[in-house]
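Peer 1:
In this note's numbering, the protein residues as written are 2 to 107.
(1) Tell me which same chain residues have a C-beta within less than 6 Å of the C-beta of residue 31, skipping the five on either side of it?
(2) Taking the alpha helix (DSSP H) that residue 19 falls in, what are its first and last residues?
(3) Would residue 91 be called buried (16 or more neighbouring beta carbons within 10 Å of its own) or exposed?
(4) Does the distance between the C-beta of residue 48 and the nearest non-hydrogen atom of the ligand MN fall short of 6 Å?
(5) Mind reading off the beta-carbon distance from residue 78 to residue 34? Whole number of angstroms is fine, and I expect it under 8 Å.
(6) Could you compute how far the alpha carbon of residue 37 sits from the alpha carbon of residue 26?
(7) Where does residue 2 land, buried or exposed, given buried means 16+ other C-beta within 10 angstroms?
(8) Does DSSP classify residue 65 as helix, strand or coil?
(9) Give me, in chain order, the residues of the same chain whose beta-carbon lies closer than 7 Å to that of residue 20; leave out the 5 immediate sequence neighbours on both sides.
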């Protein structure tokens with residue numbers, strides 16, 4: 002079986018499943034972050050502005066987020082601080098554990 006390049010955009014079922022999983026995990030993270038912790042976010046307006054501009058103008062550049070340790074839960078916990086309107090937008094969300102453009106390259 003010859004190797005083929007991955008599609009430029011995932012299939013519709015993949016996108017629906019991704020939005021559902023990421024939205025559900027984001028909602029759970031929000032409950033966890035706000036229900037069991039005291040959450041203070043500095044610079045959230047700037048991050049939201051960048052996310053909105055990326056959606057409006059298209060993705061020409063990557064968005065780098067930095068956490069103070071390495072874990073597969075860092076990304077979903079960061080989602081917990083975002084407003085709910087961002088939870089089901091898989092274009093601006095990243096979960097290193099299952100990202101279509103980095104996990105299945107080899």
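The beta-carbon is built from N, C-alpha and C at its ideal position, and this holds for glycine as well.
Because the structure is a prediction, the values reported are computed rather than measured.
Peer 2: On the basis of the coordinates in this document:
(1) Counting from one through the chain shown, the residue named residue 31 turns up at place 30. Contacts found: 81.
(2) Along the chain shown, read from residue 1 onward, the residue named residue 19 stands at position 18. The continuous alpha helix (DSSP H) containing residue 19 extends over residues 13-36.
(3) Numbered from its first residue, the chain shown carries residue 91 at position 90. Around the beta carbon of residue 91, a 10 Å sphere encloses 16 or more other beta carbons of the protein chains shown; the residue is thus reported as buried.
(4) This structure lacks the ligand MN; in fact it carries no ligand of any kind.
(5) The residue you call residue 78 lines up with position 77 of the chain shown. The residue you call residue 34 lines up with position 33 of the chain shown. Going by Cβ atoms, the distance from residue 78 to residue 34 rounds to 6 Å, so yes, they are a contact pair.
(6) Position 36 of the chain shown holds residue 37. Position 25 of the chain shown holds residue 26. So the two alpha carbons sit approximately 16 Å from each other.
(7) On the chain shown, position 1 is the one that residue 2 refers to. With a pLDDT of 49 at residue 2, under the threshold of 50, the modelled position of that residue is not reliable, and the figure given next carries that caveat. By the neighbour-count rule (16 or more Cβ atoms within 10 Å), residue 2 is not buried but exposed.
(8) Taking the first residue of the chain shown as 1, we reach residue 65 at position 64. Reduced to three states, the DSSP call for residue 65 is coil.
(9) One-based indexing of the chain shown puts residue 20 at position 19. Result list for residue 20: 89, 91, in chain order.
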